[in-house]
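Per this note's numbering, the sequence shown starts with residue 65, numbered consecutively.
Glycine included, each C-beta is placed from N, C-alpha and C at the ideal position.
Inspection log for the structure reproduced underneath, given as structure tokens.
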Amino acid sequence: MAVDEKWLAQLPIEPVNAIQPVSGGDINDSYSLRTDNHHYFMKVQPARGKKFFDHEVEGLKLLGQVSNTPTVVASGEINGDGYLIQDWVDIGEGSQYELGKMVAKVHQQHRSQFGLDHDFTVGKLPKVNTWQSDWITFYLNQRLKPLVELAKKNNRWNDWRQTHFESLCDQFKQYYATHKVHPSLLHGDLWAGNFMFEASGKPILIDPDVFYGDRELDIAMTTIFGGFYKDFYDGYNAVYPLTAGLDERISWYQLNYLLAHLNLFGETYGPMVDRILDKY
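What follows is the structure in structure tokens.
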């Protein structure tokens, strides 16, 4: 284990007197840290350096301007390991209606272009965020097509998938040639594991992968793995109503996350990818 007493002693917080591994996803090592005066949550990315968490810190800062996010205490690098320390959050239960309202307020944060000031290149799925004025260009060239190319390299693609994917891209281009998209601040990975409720009941967003894009991309993610209920969408629509016809567009955006999972976890997600491609 990389995190030992010498490692902990280099953290920019008061001395740690108790450390306990906790669940925190499959990407990072996660810990509960206790000092005499405070309780922290720490994520460590072995051998990835400080840069690994820079994107998350920026995302929490952007989201935190209009939503509830964990308080970042420090981030940095020790012995080549990247770390991120946040205040500990005691978990409770809360209202999905309030969660929906909070996500809608995030999506009301607009920019004039799609993308972000920097790429995220140190993860398993590198993200190119070069600013674009055209949503078709950004989404197809900087999201879907790179995932398809990676699937080819991973031997998880075939001619049938390619033919139907090209047809999907054609329909996407045709639709957005005449429908305007306003670039919204996106959480970027809005599945049920990336929100919680504090003990007070207040919703809180965690683990963002932010950029500015079509808000329907975030909404599509909420529909894939469950965990979001009618109250969530009611709360969202009370603040920032979704555009009619979303059901006809949502599979374009579900494909982004399913292609990511196809690359990360293999053909377990192949049938879900194929069900979407089979429509085109």
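* Stretch-stretch touch, CB-based, cutoff 8 Å, three pairs: the stretch 276-283 with the stretch 236-256 -> yes
* Asked: By Cβ distance, which residues of its chain are closer than 7 Å to L163, with the 5 residues on each side in sequence left out?
  -> So the list reads F259, P267, F296, G299, once near-sequence residues are dropped.
* Leaving out five residues on either side along the sequence, give the residues of the same chain with a beta carbon under 6 Å from the beta carbon of F117. => S139, G146, L148
* **Cβ-Cβ separation, V212 to W199 (assumed contact under 8 Å), whole Å** => Contact doesn't hold; Cβ gap of about 18 Å is too wide.
* To do: Assuming Y317 and E280 form a contact by the criterion Cβ under 8 Å, report the distance between their Cβ atoms to the nearest whole angstrom.
  => 6 Å
* Do you know offhand how far M65's Cα is from S94's? -> Residue confidence is low: M65 scores 49 on pLDDT, short of 50, so the model does not pin down where it sits. No coordinate-derived value is stated.
* Would you mind working out which of N101, M106, I91 sits nearest I351, comparing C-alpha positions? => In the structure as shown, the chain starts at 65 and stops at 344, and residue 351 therefore has no counterpart that could be examined.
* What residues in its chain sit with their C-beta under 7 Å from that of V303, if we drop five residues either side in the sequence? -> K165, A168, K169
* Below 8 Å on the Cβ atoms is my guess for L319 versus I288; work out the distance and round it to an integer in Å. => Between L319 and I288 the beta-carbon gap is near 10 Å, outside 8 Å, which marks them as no contact.
* Contact set for A256: own chain, Cβ-Cβ below 7 Å, skip 5 residues either direction -> F289, G290, G291, F292
* Asked: Looking only at DSSP bridge pairs, what is R98 linked to?
  -> A82, H103
* Nearest residue (CA-CA) to N92, options R112, L189, V108 -> Nearest in C-alpha terms to N92, of all of R112, L189, V108, is V108.
* Beta carbon of F202, beta carbon of K191: below 8 Å? -> no
* For Y161, name the three-state secondary structure that DSSP assigns. => helix
* To do: Answer yes or no: do H57 and D311 have a C-beta to C-beta separation smaller than 8 Å?
  => A query on residue 57 cannot be resolved here, the shown segment of the chain reaching from 65 to 344 and no further.
* Asked: Buried or exposed: where does D271 fall if 16 or more other Cβ atoms within 10 Å of its Cβ makes it buried?
  -> buried
* By DSSP, does L148 sit in helix, in strand, or in coil? -> Here L148 sits in strand by DSSP.
* To do: Compare the C-alpha of M195 against each of D181, L208, H171, N205 and name the closest.
  => Here residue 195 is Trp; the residue named in the question, Met, does not match the sequence. The candidate whose alpha carbon is nearest that of W195 is D181.
* So which of I77, Y104, D338, W71 has the shortest CA-CA distance to Q226? -> Nearest to Q226 by C-alpha distance, out of I77, Y104, D338, W71, is D338.
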